[in-house]
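Engineer: I have a structure I would like to understand better, so I am pasting it below and will then ask my questions one at a time.
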Amino acid sequence: MRIYRIPWGVILIILISLIPLFPLLHPGLPVTHDGQDHVARIANFYQNLSEGNIVPRWAGNLNWGYGHPILMFLYPFPSYAASLFHFLGFSLVDSTKLVFALAFVASGIAMYLWIKNFLGNTAGIASAVLYMFTPYRFVDLYVRGAIGEHVAFVFPPLILYFLLKLSKKYSYWHLLGCSISFAGLILSHNAIAIMFLPFIALYFLYIIYYSQNRKPLILNFLFITLVGFGLSSFFLVPAFLEGKYTLRDIVTGTEALTRFVDFKDLIYGPWSFGGTGQFSVQIGIVNWVFVFGALFVVRRLLQKEKKLFFLYIITFIYFIFSVFLMLKESEFIWETFTTLQKFQFPWRFLSVSVFSTALLGGFLFYSIKNSKLKRILLILVVISTIGLTKDYWKAKDYLNKPESFYTGIYESTTDTGESSPRWSVRFMEQRPIDTIEIIEGQAKIQKLKRISIHHQYEIESLYSSRIKENTLYFPGWKVYIDGKEYRGVQFQDPNHRGLMTFKLVNGKHIVDVKFEDTKLRKIANLISLLSFGAIIVFVVLNFKFSIFNLK
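Heads up: the sequence shown is residues 791 to 1341, going by my numbering.
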């Protein structure tokens, strides 16, 4: 029987990665810009799952209890992961902290595995340490609490690792791993996914160019792309196409054009827990050293390693471009390619800068052929990288809220209001008197059922009456009276802006208010389901053929 041994480099990366995570062991939730809102969002996500809704889209307790469609538009993978931990018995806060911690460790392992497989073990360790111990990683972790961006760091090196393995030898596990990792990147943070797509595509073309067996690789990449997009379509398609019903373009608009940074701030900036324009956006001193240090390997790579030289050039250009896009001088690009403005903050391209500098560091280590010098330099890099960031491994403070604070009515949309319906106000700002009200006529109301996407009432209308359901309307909400769909729902009454109102004739009625999938969402769900089914069939067939070959 074959026993799999964990490489010592992986063990080392795990041990090193645990060092800055000790503040997460402190009771309570670190005070960050978004952390509290993420926990409340995860609470609503988990509530949907516990009610049998496997694709949560509506957060019923957010927005002062009026509900909100934010789950449709913001990266679901971290919420699925946190929900799993909560299901296993961890509190909502601890589940969220576990996702942060595991993503940090996994990102280092993924980078190590990728770099090790083509630049060597020492380069892999150096790149992984640079990838983890960069100031911006701790901004995401302890200042912003940006769970989506933080988790997304796991997937680019993981995708590239699987592509590299496939280029050397076909394995259906590597093919599946790459497909699922691609979907994971999209589902972790769609904006970060778009930032990395060009590099992933260029890396694939680079592999194809130097491959002796191109056709299978092209077919594999096509499979990865189709399955990756297919698995994530349940989220990606509605998020992209139904955003027109929200305030997204109005609230964010040209905000990105006011969020550029100064180049000097990318070199160094004082640590701060403040908001945009106050917290540090430095790339990292050691990272900059490796950017300039890597310039000295160009000649060597060109003369002796032309294959790696082209990847080095791609990486260096990608780094320069990521830096340029964060500066005011790139404004014309943001104005020309307006999709970029949906990224909201130009400094989000720090994710690309962190990644590319880690890879450049790997090239520098690869170019050093003296083993003793390489080991000494590695020790210096690990010590200096960890030492220069040690003051960033801390939380400003900790919140110790009861679980009910997150699971009950939450007085926020958990975003800046960009996901609110266009026909409503940005924030409701006060709780409703009740979940349902009589605004005209007389009626007796008995509440029969209330879960996230289904509210049921027995209403005896004494006269012709008009009822207000204190839930924001969004495409998918429907009212059924005595089992028949009521098509006269109003949601643009200026006195009840964005809320659903409907009329009842005399008599006793069963009223169901349901949030259902639109035709677009059903198609997107079907694509994801078919993609998942294709994976199951693929695994079963490969398993059967493997057993047959063994016999």
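Just so you know, even glycine gets a beta-carbon here, dropped at the ideal spot from N, CA and C.
Looking at C-alpha atoms only, which residue of 1291, 830, 849, 1214 is the closest neighbour of residue 1040?
Structural biologist: 1214
Engineer: Check the DSSP bridge columns for residue 1106 and list the partner residues they point to.
Structural biologist: The partner list for residue 1106 (beta bridge, DSSP) is empty, contrary to what the question assumes.
Engineer: When the Cα of residue 1309 is compared with those of 892, 1044, 1028, 1065, which residue comes out closest?
Structural biologist: Comparing alpha-carbon positions, the option among 892, 1044, 1028, 1065 lying closest to residue 1309 turns out to be 1028.
Engineer: Find the nearest neighbour of residue 1298 within the set 1273, 1291, 1286, judged by alpha-carbon distance.
Structural biologist: 1273
Engineer: Quick check on the DSSP output: the alpha helix (DSSP H) that includes residue 1163 runs from which residue to which?
Structural biologist: 1161-1179
Engineer: Is there contact here, the segment 1138-1155 with the segment 918-930, by at least three beta-carbon pairs under 8 Å?
Structural biologist: yes
Engineer: Are there 16 or more other CB atoms within 10 angstroms of the CB of residue 978, so buried, or fewer, so exposed?
Structural biologist: buried
Engineer: What are the boundary residues of the beta strand (DSSP E) that residue 1233 is part of?
Structural biologist: 1233-1241
Engineer: Below 8 Å, how does it come out for the segment 1215-1231 and the segment 878-889: are there three or more Cβ pairs, yes or no?
Structural biologist: no
Engineer: When DSSP labels each residue in this structure, what does residue 1011 get in the three-state scheme?
Structural biologist: helix
Engineer: Please return the same chain residues whose Cβ sits closer than 6 Å to the Cβ of residue 952, not counting the five positions on each side in sequence.
Structural biologist: 964, 967, 968
Engineer: Please state the DSSP three-state secondary structure of residue 904.
Structural biologist: helix
Engineer: Can you confirm whether the segment 897-907 touches the segment 931-938 when touching is taken to mean that 3 or more C-beta pairs between the two stretches lie within less than 8 Å?
Structural biologist: no
Engineer: Have a look at 807, 798, 827 and flag the residue whose alpha-carbon is nearest the alpha-carbon of residue 1206.
Structural biologist: 827
Engineer: So, at 8 Å on beta carbons, what are the nonlocal neighbours of residue 802 in its own chain, with the 5 sequence-adjacent residues on each side left out?
Structural biologist: Closer than 8 Å at Cβ, skipping near neighbours: 915.
Engineer: Enumerate in chain order the residues of its own chain whose CB-to-CB distance from residue 1332 is below 6 Å, with the five nearest sequence positions on each side excluded.
Structural biologist: 962
Engineer: Considering just the uninterrupted stretch of the beta strand (DSSP E) at residue 1291, what are its terminal residues?
Structural biologist: Counting along the chain, the beta strand (DSSP E) containing residue 1291 begins and ends at 1289-1294.
Engineer: Is the CB-CB distance between residue 1260 and residue 799 below 9 Å?
Structural biologist: no
Engineer: So who's on the other strand from residue 1206, going by DSSP bridges?
Structural biologist: BP columns for residue 1206 are empty, so no partner.
Engineer: So, helix, strand or coil for residue 1213, using DSSP?
Structural biologist: coil
Engineer: Could you tell me whether the segment 917-924 touches the segment 1148-1167, where touching means 3 or more Cβ pairs closer than 8 Å?
Structural biologist: yes
Engineer: Are there 16 or more other CB atoms within 10 angstroms of the CB of residue 822, so buried, or fewer, so exposed?
Structural biologist: buried
Engineer: Nearest to residue 1087 by alpha carbon, out of 1161, 1102, 1243?
Structural biologist: 1102
Engineer: Exposed or buried, residue 1238, counting other C-beta atoms within 10 Å across all chains shown (16 or more means buried)?
Structural biologist: exposed
Engineer: Among the residues of its own chain, which have a CB less than 6 Å from the CB of residue 1112, if the five just before and after it don't count?
Structural biologist: Beyond the five residues adjoining it in sequence on each side, residue 1112 comes within less than 6 Å, by CB distance, of 1139, 1142, 1143 in the same chain, given in chain order.
Engineer: Taking 9 Å as the threshold (C-beta atoms), are residue 891 and residue 811 in contact?
Structural biologist: yes
Engineer: Of the residues 885, 877, 834, which one's Cα is nearest the Cα of residue 861?
Structural biologist: 834
Engineer: So what's residue 1155 in DSSP terms, helix, strand or just coil?
Structural biologist: helix
Engineer: Taking 8 Å as the cut-off, does the segment 942-960 touch the segment 989-1009 (at least 3 CB pairs, one atom from each stretch)?
Structural biologist: Touching, per the Cβ criterion.
Engineer: Please name the residue in 1286, 1300, 1285, 901 whose C-alpha comes closest to that of residue 1246.
Structural biologist: 1300
Engineer: Would a C-beta distance cut-off of 9 Å place residue 980 and residue 1026 closer than the cut-off?
Structural biologist: yes
Engineer: How close, in whole Å, do the beta carbons of residue 1292 and residue 1329 come, if the pair is a contact with beta carbons under 8 Å?
Structural biologist: The Cβ separation is near 48 Å, so there is no contact.
Engineer: Determine the DSSP secondary structure at residue 1251, reduced to helix, strand or coil.
Structural biologist: strand
Engineer: Hey, residue 984 and residue 877: beta-carbon distance below 9 Å or not?
Structural biologist: The criterion of a C-beta distance shorter than 9 Å is not satisfied by residue 984 and residue 877.
Engineer: Helix, strand or coil for residue 791? Go by DSSP, reduced to three states.
Structural biologist: Per-residue confidence for residue 791 stands at a pLDDT of 42, beneath the threshold of 50, marking its modelled position as unreliable; the derived number appears in the next sentence. If DSSP states are grouped into helix, strand and coil, residue 791 belongs with coil.
Engineer: With DSSP as the reference, please indicate the residues paired to residue 832 in a beta bridge.
Structural biologist: Under DSSP, residue 832 shares a beta bridge with no residue.
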